[in-house]
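There are 4 protein chains.
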Amino acid sequence: MSTHQFPIRVYYEDTDHGGVVYYANYLKFMERGRTEFLRSHGINLDRVHQEQGVMFAVTHVDIHYHTPAIFNDALHVESALTQCKGARLQFTQRILRTEASQTTLLTQAVVDLACIDDAGKPSRIPSNLLSVLKQYTHKEL
Amino acid sequence: MSTHQFPIRVYYEDTDHGGVVYYANYLKFMERGRTEFLRSHGINLDRVHQEQGVMFAVTHVDIHYHTPAIFNDALHVESALTQCKGARLQFTQRILRTEASQTTLLTQAVVDLACIDDAGKPSRIPSNLLSVLKQYTHKEL
Amino acid sequence: MSTHQFPIRVYYEDTDHGGVVYYANYLKFMERGRTEFLRSHGINLDRVHQEQGVMFAVTHVDIHYHTPAIFNDALHVESALTQCKGARLQFTQRILRTEASQTTLLTQAVVDLACIDDAGKPSRIPSNLLSVLKQYTHKEL
Amino acid sequence: MSTHQFPIRVYYEDTDHGGVVYYANYLKFMERGRTEFLRSHGINLDRVHQEQGVMFAVTHVDIHYHTPAIFNDALHVESALTQCKGARLQFTQRILRTEASQTTLLTQAVVDLACIDDAGKPSRIPSNLLSVLKQYTHKEL
């Protein structure tokens, strides 16, 4: 199975005065998860840009916030690549907290990305990347 | 009409090394827009919390990224309250850039919020707030 | 006098679960103040980079935190250019809160910047900028 | 020796459009380092607050930026507790990048903190904490 797990610790910087993680910061955690998913399959985004002149830009996020994370929580991000074709990737991601024997789903998102060139134009995913990514694409998280 | 406009200037802090505003930061801009929408109708979130013991927590965001903002852009956030009942608010928001005579839609989002108490439980929107908010609710942005 | 004033509103994004503005975020406020100081004297950092190939990088910050800002505070940043020569600028900055008739000093900083080229090497401040900046340099905030 | 090492990976969220880590974000990295230094000695800041009613607030930062970090860098934060008495802690911290066999010093800071109660008043460091911290205090990084 290709679901990727990445640990996140919640620091002061992540929280807001409501006592919970600020809603935009889950998007940072999810991007860390995507970056590490790609790295775990040998894909480093800086090298992709330097060598192939493309980047991945987020075009759409649909995110549900179920339960808030708080300071000092040990979370993990689950990431699955659920679509990959042409110039387009889709990740399905979850952030979970596991304490003792209980796992709680905190947030869940579908994130669409476009492969773009330096001018910001959509560009087919380079074939060497695509062949790697296709191996790790599956329909569900 | 009840669409609220709020200006945003893009600073270094908002950008990333792709040369554009980092995708999570548009959610900050949108929250500034919602906070100012409420303030413009006499609702200050700190006083609401102190006096009525409730807060508004984001439960869902659906956001489309059309065109990136860059450093130094003068943007504005358009916010409309598109639902308001029980313990629930929904805002429809857009971030736009206007230069010379051209307006460009950058991002567009639907943001759902729940009114919660200090224990994080859903709580009906206090009636004095609700009666103000209902006046400014309309179906579309 | 050349002290520049710039208003800042504190939003949720700026606070942490201690109920106050997160300590790193005052550096964001101070950079907004410097950017607007420069803009008020006709200097836009994006155009400076495009036209003259230089940027200003922070090399040193000495910041004292006296009193915390909280959510919804209306602050202002005071910025003075206290040195300007060769490849080097120094700003002295304060963040203050004014309520009713009382002004409170929250943070105070000295920020040193170097003018650098795209390779990150120190580069003399372009003479057209320097002549503008020198007019607005004075020894104290 | 009591110097604590904590790894940091640089993500998109940390960078700015200058292509480097945004200057305020090193303060986030340094706070992660301090939090983990304390955790490694059995001190969790959330439990300290709950059980003893105190927090640590930063009162002063003196930070030098020598070399910028860039996207994807693998850094580490070195933290040493260089003072500890009364209501006051001082950390001396460095952020370094190690690649191949070369280590580069990126930033270096002295950070002063005050132990405060919920009202924000200085409060002596609780004796059980103080006795732990004193063991790990030394004069230099």
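Protein chains in written order, with this note's numbering: chain C, 1248 to 1388; chain V, 1248 to 1388; chain U, 1248 to 1388; chain F, 1248 to 1388. Glycine included, each C-beta is placed from N, C-alpha and C at the ideal position. From a predicted model like this one, the values you see are computed outputs, not experimental measurements.
Whole-Å CB distance - residue i paired with residue j, under 8 Å assumed
i	j	result
U:Arg1279	V:Tyr1383	Contact flag wrong, Cβ pair sits at about 30 Å.
U:Gly1385	U:Thr1329	Note on identity: in this sequence residue 1385 of chain U is His, with Gly being the wrong assignment. About 7 Å separates the two Cβ atoms, so the contact holds.
V:Gly1207	C:Met1277	Because residue 1207 of chain V is not part of the residues shown, which for chain V are 1248 to 1388, the question remains open.
C:Val1305	C:Leu1360	5 Å
V:Arg1344	V:Leu1322	5 Å
F:Leu1292	F:Thr1282	6 Å
C:Val1324	C:Phe1338	Their Cβ separation, rounded to whole angstroms, is 10 Å, which puts C:Val1324 and C:Phe1338 out of contact at 8 Å.
C:Gln1355	C:His1311	5 Å
V:Ala1271	F:Glu1346	Not a contact, Cβ separation roughly 28 Å.
V:Asp1237	F:Thr1262	A query on residue 1237 of chain V cannot be resolved here, the shown segment of chain V reaching from 1248 to 1388 and no further.
V:Phe1284	V:Ser1348	Not confirmed; about 26 Å, so no contact.
V:Ala1316	V:Leu1352	Not quite, the Cβ-Cβ distance comes to about 11 Å (not below 8 Å), so this is no contact.
V:Ile1363	V:Ser1374	Contact doesn't hold; Cβ gap of about 17 Å is too wide.
Residue-level contact to chain F via CB, residue i, 7 Å cutoff
i	result
C:Asp1320	no
U:Asp1474	Here chain U covers residues 1248 to 1388 and nothing more, so residue 1474 of chain U does not appear.
U:Glu1346	no
V:Gln1337	no
Neighbour list for residue i in chain C, Cβ cutoff strictly below 8 Å
i	result
V:Met1305	Inspection of the sequence shows that residue 1305 of chain V is occupied by Val rather than by Met. Here the neighbours are Tyr1270 and Tyr1312.
U:Glu1260	Asp1263, Tyr1269 and Ala1271
Neighbouring residues, chain U, relative to residue i (Cβ below 9 Å)
i	result
F:Lys1275	Tyr1269 and Ala1271
Chain U contact for residue i (CB, 7 Å cutoff)
i	result
V:Met1248	Here the model assigns V:Met1248 a pLDDT of 49, short of 50, so the residue's position is not dependable and the matter cannot be decided.
F:Val1358	no
F:Val1225	Outside the displayed span of chain F (1248 to 1388) sits residue 1225 of chain F, for which this structure offers no information.
Cutoff 7 Å: residue i Cβ touching any chain V Cβ
i	result
F:Thr1354	no
F:Gly1333	no
Below-7 Å beta-carbon distance, residue i vs any chain C residue
i	result
V:Asp1263	no
U:Gly1220	The structure shown does not extend to residue 1220 of chain U, since chain U is modelled only from 1248 through 1388, so no value can be given for it.
U:Ile1255	no
F:Val1379	no
Chain-ordered chain C contacts of residue i [CB-CB under 9 Å]
i	result
V:Pro1315	Ala1304 and Gly1367
Extract the residue ranges of the alpha helix (DSSP H) inside the segment 1271-1301 of chain V, only unbroken runs of 4 or more that lie entirely within it. 1272-1287 and 1292-1299
Could you run through the segment 1279-1295 of chain U and flag, in chain order, every residue whose CB is less than 9 Å away from some CB of chain V? Arg1279, Thr1282, Glu1283, Arg1286, Asn1291, Leu1292, Asp1293 and Arg1294
Length-filtered (3 minimum) beta strand (DSSP E) runs lying within the segment 1331-1381 of chain U: 1335-1346 and 1349-1364
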